[in-house]
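Novice: Residue numbers (the numbering used here): 10 to 40. The beta carbon of each residue, even a glycine, is placed where N, CA and C say it ideally should be. One structure follows; several queries about it will come next.
Here it is, written out as C-alpha cells:
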C-alpha cells in the first residue's frame with residue numbers, strides 16, 4: 010500500500026498530517 014500525506018505549504022509551517030511512526034502502526038494493523 011502507498012500512503013500519501015500532504016504537508017503544510019504555508020510560510021513558517023512545517024507540520025505533516027501523519028508521522029512516519031504512525032504510518033508504520035497503520036501498516037501493522039492492516040490498513
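Once DSSP output is grouped into helix, strand and coil, what is the label at residue 14?
Specialist: Looking at residue 14 - three-state DSSP - the assignment turns out to be coil, as it is neither helix nor strand.
Novice: Using 9 Å as the threshold, is the C-beta distance between residue 25 and residue 36 below it?
Specialist: In this structure, residue 36 does not lie closer than 9 Å to residue 25 by Cβ.
Novice: May I have the straight-line CA-CA distance separating residue 33 from residue 20, to the nearest angstrom?
Specialist: Those two C-alpha atoms are separated by around 28 Å.
Novice: Would you give the residue range spanned by the alpha helix (DSSP H) that residue 38 belongs to?
Specialist: Segment: none, residue 38 is in no alpha helix (DSSP H) and carries neither H nor E.
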